[in-house]
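Here the protein sequences line up with chains D and E, keeping their order. The first sequence begins at 75 in the working numbering and counts up one residue at a time. The second sequence begins at 75 in the working numbering and counts up one residue at a time. Where is the CB? At the ideal position from N, CA and C, for every residue including glycine. Have a look at the structure below, then the notes.
There are 2 protein chains.
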Amino acid sequence: MIKARVTVTLKNGVLDPQGKAIEGALGALGFDGVGHVRQGKVFDVEVEGTDKAKAEGDIKAMCEKLLANTVIENYTISLD
Amino acid sequence: MIKARVTVTLKNGVLDPQGKAIEGALGALGFDGVGHVRQGKVFDVEVEGTDKAKAEGDIKAMCEKLLANTVIENYTISLD
Numbered sequence: 075m076i077k078a079r080v081t082v083t084l085k086n087g088v089l090d091p092q093g094k095a096i097e098g099a100l101g102a103l104g105f106d107g108v109g110h111v112r113q114g115k116v117f118d119v120e121v122e123g124t125d126k127a128k129a130e131g132d133i134k135a136m137c138e139k140l141l142a143n144t145v146i147e148n149y150t151i152s153l154d
Numbered sequence: 075m076i077k078a079r080v081t082v083t084l085k086n087g088v089l090d091p092q093g094k095a096i097e098g099a100l101g102a103l104g105f106d107g108v109g110h111v112r113q114g115k116v117f118d119v120e121v122e123g124t125d126k127a128k129a130e131g132d133i134k135a136m137c138e139k140l141l142a143n144t145v146i147e148n149y150t151i152s153l154d
């Protein structure tokens with residue numbers, strides 16, 4: 075069983091209202107000096123087998139098809 | 075300006091219906107051998123200043139107060 079972590083983040087230039095809301099909330103809570111905040115998603119995926127190259131290829135296909143919207147999002151895959 | 079990445083994941087044992095839905099969707103798309111999937115959140119936060127220890131302390135406080143629900147979620151902080 076291979077464990078992988080997929081991190082999906084918005085591309086630069088894509089508006090992130092959720093991140094902006096967090097920025098505002100942190101300021102309202104008294105945290106000074108907070109710059110930009112961007113929110114993304116993380117997926118911990120388990121794949122059967124021991125072939126890391128195959129697993130990475132499979133997970134890349136999962137990202138392209140389901141986990142990320144590649145028009146507006148980037149993704150990175152890190153295998154354990 | 076210090077950049078940090080905060081990763082928030084559900085604690086073990088906490089039900090993750092979103093992760094289960096992704097598992098089901100991956101199976102329906104024809105991906106075999108997918109084990110458990112868990113979904114979490116990631117926040118890219120910029121903090122002013124150059125004192126990394128202070129920045130890490132501030133970000134930890136942000137996690138405790140706003141970014142994570144520590145009853146059901148774990149968080150990790152990594153500074154660039």
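Asked, Found
"So, is Glu138 of chain E buried or exposed, given that buried needs 16 or more other C-beta atoms within 10 angstroms?", "exposed"
"Note down the Cα distance separating Gly123 of chain E from Phe105 of chain E, rounded to an integer number of angstroms.", "46 Å"
"Determine the DSSP secondary structure at Gly98 of chain D, reduced to helix, strand or coil.", "helix"
"Which chain D residues sit within Cβ distance under 8 Å of Glu120 of chain E?", "Val108, Gly109, His110 and Val111"
"Would you call Ala78 of chain D buried or exposed, if buried means 16 or more other Cβ atoms sit within 10 Å of its Cβ?", "buried"
"Output needed for Asp154 of chain E: all residues of its chain with C-beta closer than 6 Å, excluding positions within five of it in sequence on either side, in chain order.", "Lys77"
"Helix, strand or coil, according to DSSP, for Ala142 of chain D in the structure here?", "coil"
"Per DSSP, which one or two residues make a beta bridge with Asp90 of chain E?", "Paired residues: none, contrary to the question."
"Please list, in chain order, the chain D residues whose beta carbon lies closer than 7 Å to that of Ala127 of chain E.", "Chain D residues near Ala127 of chain E: none, gap ~15 Å exceeds 7 Å."
"Along the stretch 129 to 147 of chain D, what residues have a CB closer than 7 Å to any CB found in chain E?", "Asp132, Met136, Lys139 and Leu140"
"Give the straight-line distance between the Cα atoms of Val116 of chain D and Gln113 of chain E, rounded to the nearest whole angstrom.", "6 Å"
"Could you check if Thr83 of chain D is buried or exposed, using at least 16 other CB atoms within 10 Å of its CB as the buried criterion?", "buried"
"Going by C-alpha to C-alpha distance, which of E:Gly93, E:His110 and E:Val119 sits closest to Gly101 of chain D?", "E:Val119"
"So, Glu109 of chain E versus Met75 of chain D, is the Cβ gap smaller than 8 Å?", "At residue 109 of chain E the sequence reads Gly, which differs from the Glu that was named. Going by C-beta atoms, Gly109 of chain E is nearer than 8 Å to Met75 of chain D."
"Going along chain D, which residues have a C-beta under 7 Å from Leu103 of chain E?", "Lys139 and Leu140"
"From the beta carbon of Lys115 of chain D, is the nearest beta carbon of chain E less than 8 Å away?", "yes"
"Terminal residues of the continuous alpha helix (DSSP H) containing Asp132 of chain D?", "Lys126 to Met136"
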